[in-house]
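> Just passing along the structure, written as structure tokens.
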Amino acid sequence: MDERSNDLFFATVVEESRDPRHVVLMSRSTIQPEPSALPPEALSLDDVLEGICAVRWSIPLRASPTNKREAHRTTVTAQAQLSHVEEHLCRLSSSLASPSKELLSDAERDLHEISKVVSSIRRVTPSLDQRSSAVQKSLEHVQAHILELRNLYLEETEPGPVFHDSDHHYHVPVNEYHVVAQIAMFLGIVLHVLGKASRTMSDFLLSGLSLLVGLSFEVSPSPSSAGLTPEQGSILAQIPCNLKMALERFNLSARTKTYAACPRCHFVYDPIPDIHSGGMTYQEICTNVPELGGSECREPLLKSTSGMELAATPR
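In our numbering, the protein residues as written are 488 to 802.
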């Protein structure tokens, strides 16, 4: 009986059984074929690189800092402002097709407001930089067009006396300052004008005097306060730290307006406010027509100092 049980079990667990449904275990040769005598073919380098690239591009990319800045709310707001500026410039340029004195005055005011909007955009991104550069070129183009039209509509003046406001010559702001601040500024100006001290040395002197006055206030504090009194703080704030401010408070800074005059036809051109630097610039070529029906003068209006184009000054 035991031998028959063993035979029956053996016939059930091996694959030699005639009925495959009764097979419980299979030999290794059935599951895994005999290994070949030759080694398997190795993958080529191209296949390896292709697999690496597939894995690399399957990894999701993180948003770069540049993309984050482009999608930031401040960037979107700046883009909207530039879009509004471009539309305004387009309308302004179209309105100059039929100019008049009143229209040119309005256009100059509008251009000034547009320039302030463009200057207020401080956001720095590649797209904003590119777009701001294009807007600046459009601003300069419209500004040059307005200046050219303004020369055609010169203001007509009736013969008579010319009135000039000279009240500022009799107003000396330094009289409103404390005597200690007046003496400090006076010393800096005298050493610069009479003592031939350089501007840097005069600035150093004024800064040193301001420091000296502040230290003297600290070593002799008010009995009721451990710090500076309001009067002492006001005196200290009135002492400038540079010569330019001292000259302005003595009303010694020059108030002049430089014009560009053509050396050939003597036509005079007003200075143009520079959008970028906030200073003044000038037209480069004379566009005046000296004779009726003639051609433009085309004489250069600027001369360069030290051979540099950037140092050009009006003739």
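All C-beta atoms in this analysis are idealised placements derived from N, C-alpha and C, irrespective of residue type, glycine included.
Using 8 Å as the cut-off, can you tell me whether the segment 619-638 makes contact with the segment 656-663, which would need three or more C-beta pairs spanning the two stretches below that distance?
In short, these stretches do not touch, since the Cβ pair count stays below three.
> What residues are listed by DSSP as bridge partners for residue 772?
Per DSSP, 787.
> Can you check which of these residues, 772, 561, 572, is closest to residue 622 by C-alpha distance?
Ranking 772, 561, 572 by Cα distance to residue 622 puts 572 first.
> Tell me the rounded alpha-carbon separation between residue 686 and residue 679.
Straight-line Cα distance between these residues: approximately 7 Å.
> Using a 10 Å radius around the Cβ and a threshold of 16 neighbouring Cβ atoms, would you call residue 652 buried or exposed?
Exposed, because fewer than 16 other Cβ atoms sit within 10 Å of the Cβ of residue 652.
> Reducing DSSP to helix, strand and coil, say where residue 750 ends up.
Reduced to three states, the DSSP call for residue 750 is coil.
> Given residue 636, which residues of its chain have a CB within under 7 Å of its CB, disregarding the five upstream and five downstream residues?
583, 586, 591.
> From the DSSP output, in three-state form, read off residue 657 for me.
Here residue 657 sits in helix by DSSP.
> Have a look at residue 665 and residue 557 and give me their C-alpha separation to the nearest angstrom.
The straight-line gap from Cα to Cα measures roughly 53 Å.
> Tell me the rounded alpha-carbon separation between residue 593 and residue 578.
Taking the straight line joining both Cα atoms gives about 13 Å.
> Measure the alpha-carbon distance for residue 670 versus residue 718 and round it to whole angstroms.
Going from the Cα of residue 670 to the Cα of residue 718 covers about 17 Å.
> Name the two residues that bound the continuous alpha helix (DSSP H) containing residue 638.
Here the alpha helix (DSSP H) through residue 638 covers 613-639.
> Let's see if you can read the secondary structure: which residues bound the alpha helix (DSSP H) around residue 570?
It spans 560-582 - the alpha helix (DSSP H) in which residue 570 sits, taken as one unbroken run.
> Indicate the three-state DSSP secondary structure (helix, strand or coil) for residue 759 in the structure shown.
Residue 759 falls in the strand class under three-state DSSP.
> Excluding the 5 residues flanking residue 668 on each side, which residues of the same chain have their C-beta closer than 7 Å to its C-beta?
Excluding residues within five positions, the ones whose Cβ falls inside 7 Å are 722, 725, 726.
> CA-CA distance, residue 613 and residue 706?
Going by the C-alpha atoms only, they are around 55 Å apart.
> Alpha carbons only, please: which of 639, 605, 609 is nearest the one belonging to residue 625?
Minimum Cα distance to residue 625 is reached at 605.
> Please report the distance separating the alpha-carbon of residue 548 from that of residue 617.
Its pLDDT being 47, under 50, residue 548 is placed unreliably in this model, and the value from its coordinates should be taken loosely. Spanning the two alpha carbons is a distance of roughly 26 Å.
> Which two residues bound the contiguous alpha helix (DSSP H) that contains residue 601?
Element bounds for residue 601: 588-606.
> I think residue 569 touches residue 619, with their Cβ atoms under 8 Å apart; what is that distance to the nearest whole Å?
Right, their Cβ atoms sit about 7 Å apart.
> Candidates 562, 769, 767, 751: which alpha carbon is nearest residue 785's?
Considering only alpha carbons, the answer is 751.
> Please return the same chain residues whose Cβ sits closer than 6 Å to the Cβ of residue 684, not counting the five positions on each side in sequence.
Excluding sequence neighbours, residue 684 sits near 678.
> Going by DSSP, what residues sit across from residue 809 in a beta bridge?
Here the chain covers residues 488 to 802 and nothing more, so residue 809 does not appear.
> Measure the beta-carbon distance from residue 693 to residue 720 and round it to whole angstroms, keeping in mind my assumption that it falls under 8 Å.
Incorrect: roughly 18 Å between the Cβ atoms, too far for contact.
> Whole angstroms is fine: what's the gap from residue 689's alpha carbon to residue 681's?
About 12 Å.
> Please name the residue, chosen from 691, 714, 744, that lies closest to residue 728 on a Cα-to-Cα basis.
The residue with the shortest Cα to Cα distance from residue 728 is 691.
> Roughly how many whole angstroms lie between the Cα atoms of residue 813 and residue 749?
The question about residue 813 has no answer here: the residues shown for the chain are numbered 488 through 802.
> Using the beta-carbon count (16 or more within 10 Å), is residue 700 buried or exposed?
Per the 10 Å Cβ criterion, buried.
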